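**Q** One structure follows; several queries about it will come next.
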Amino acid sequence: MCNPAAIIGVAQGASSFIGARNAAKAQEEAQRRASLAENERLRSEQISLRQQQAQTAVGRGQRKVSAEIAAREARAKARLAAGHAGISGLSVDAVINNLTRKEGAYISSEDMRAEMQDTALALQLEQGVIASHQNQLRINRPVPQASLLEAGLDGAMTGLNAANIMSRYTA
């Protein structure tokens, strides 16, 4: 005849093991999904930053072209005005050179600003990767796996407790 306490113990141990195994699988699936979502978040962040960089570069290029056109026009007007006034020589060259120097200073400041923005972007991208790595570590903590030994011991304890309780009522 089968001992009811043993049946209860085996059933409880099997149930415990199956439950723990299912919980571990569910946790692993949740971690996999969270990890994929984190990868997508990082990718979207990097794309957004690169798009901002491209838009800034287009704006900078447009400002530089406008400055070059304005400087050419200013030099042409200065030459024309000097010619109408009968002025020539070093004084006209000095005015033209001053306009060219101002143009160069503006272009140089735009280039320097671009370098600083590119450096800031590189740091921001690096920080994003570091933060994503930290998130991945947090997401992907080890999942406790189901243990036949633990489930067996739990089942044995349950069986012994059931046998103890049953012996009180049968004696």
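Every position in the sequence shown, counted from 1, becomes a number in the working numbering once 709 is added. In this text, a Cβ means the ideal position worked out from N, Cα and C, and glycines have one as well. Here the structure is a predicted model, which means the values were calculated and not measured.
1) Please classify glutamate 747: is it buried, with 16 or more other beta-carbons within 10 angstroms of its beta-carbon, or exposed?
2) Tell me whether the beta-carbon of glutamate 824 lies closer than 8 angstroms to the beta-carbon of arginine 772.
3) For the segment 738-756 against the segment 826-840, do three or more pairs of beta-carbon atoms, one drawn from each stretch, fall closer than 8 angstroms, so that the two count as touching?
4) Report yes if the C-beta distance between arginine 784 and leucine 808 is below 8 angstroms; otherwise report no.
5) Run the CB neighbour count on threonine 879, radius 10 Å, all protein chains shown included, and call it buried at 16 or more, exposed below.
6) When burial is assigned at 16 or more other CB atoms within 10 Å of the CB, is serine 725 buried or exposed?
7) With a 10 Å radius around its C-beta and 16 neighbouring C-beta atoms as the bar for buried, classify arginine 781 as buried or exposed.
8) Using 8 angstroms as the threshold, is the C-beta distance between alanine 733 and valine 852 below it?
9) Under three-state DSSP, which class holds isoleucine 796?
10) For a test of the three-state rule: what should DSSP assign to serine 852, helix, strand or coil?
11) Taking the alpha carbon of arginine 850 as the point to measure from, which residue in Arg822, Ala739 and Ala803 has its own alpha carbon closest?
12) Just how far apart, CA to CA, sit arginine 679 and valine 801?
13) Where does methionine 710 land, buried or exposed, given buried means 16+ other C-beta within 10 angstroms?
14) Less than 7 angstroms between C-beta atoms, sequence neighbours within five positions excluded: which residues of the same chain meet that for glutamine 826?
15) Assuming contact is defined by CB atoms lying nearer than 8 angstroms, are glutamine 845 and serine 744 in contact in what I supplied?
16) Would you kindly work out how many angstroms separate the C-alpha atoms of isoleucine 716 and glutamate 737, rounded to a whole number?
**A** According to the data block:
1) Working through the sequence shown from its first residue, we reach residue 747 at position 38. Buried, since its Cβ has 16 or more Cβ neighbours within 10 Å.
2) Here the question's residue 824 lines up with position 115 in the sequence shown. Here the question's residue 772 lines up with position 63 in the sequence shown. No.
3) yes
4) What you label residue 784 is simply residue 75 of the sequence shown in a count that begins at 1. What you label residue 808 is simply residue 99 of the sequence shown in a count that begins at 1. Going by C-beta atoms, arginine 784 is nearer than 8 angstroms to leucine 808.
5) Residue numbering aside, residue 879 sits at position 170 when the sequence shown is read from its first letter. Answer is exposed; the Cβ neighbour count stays below 16.
6) Residue 725 sits at position 16 when you count from the first residue of the sequence shown. Per the 10 Å Cβ criterion, buried.
7) In the sequence shown, residue 781 corresponds to position 72, counting from 1. A residue is called buried once 16 or more other Cβ atoms fall within 10 Å of its Cβ, and arginine 781, having fewer, is exposed.
8) Looking up residue 733 in the sequence shown gives position 24. Looking up residue 852 in the sequence shown gives position 143. Cβ atoms of alanine 733 and valine 852: closer than 8 angstroms.
9) Against the sequence shown, residue 796 aligns to sequence position 87. Reduced to three states, the DSSP call for isoleucine 796 is coil.
10) As a working mapping, residue 852 is identified with position 143 in the sequence shown. A small fix is needed here, since residue 852 is valine in this sequence, not serine. Of the three classes helix, strand and coil, the one that applies to valine 852 here is coil, per DSSP.
11) Taking the first residue of the sequence shown as position 1, residue 850 is located at position 141. Looking at Arg822, Ala739 and Ala803, the one whose alpha-carbon comes closest to that of arginine 850 is Ala739.
12) The structure shown does not extend to residue 679, since the chain spans only 710 to 880, so no value can be given for it.
13) Within the sequence shown, residue 710 is the residue found at index 1, counting from 1. A caution first: methionine 710 carries a pLDDT of 49, below 50, which makes its placement in the model unreliable, though a value can still be read off. Looking at its Cβ environment, which holds fewer than 16 other Cβ atoms inside 10 Å, methionine 710 is exposed.
14) Taking the first residue of the sequence shown as position 1, residue 826 is located at position 117. Excluding residues up to 5 positions away in sequence, Thr765 lie with their Cβ nearer than 7 angstroms to the Cβ of glutamine 826 in the same chain.
15) Stepping through the sequence shown from its first residue, residue 845 is reached at position 136. Stepping through the sequence shown from its first residue, residue 744 is reached at position 35. For glutamine 845 and serine 744, yes; Cβs fall inside 8 angstroms.
16) Here residue 716 refers to the residue found at position 7 when the sequence shown is read from its first residue. Here residue 737 refers to the residue found at position 28 when the sequence shown is read from its first residue. Note on geometry: alpha-carbon atoms of isoleucine 716 and glutamate 737 lie some 31 angstroms from one another.
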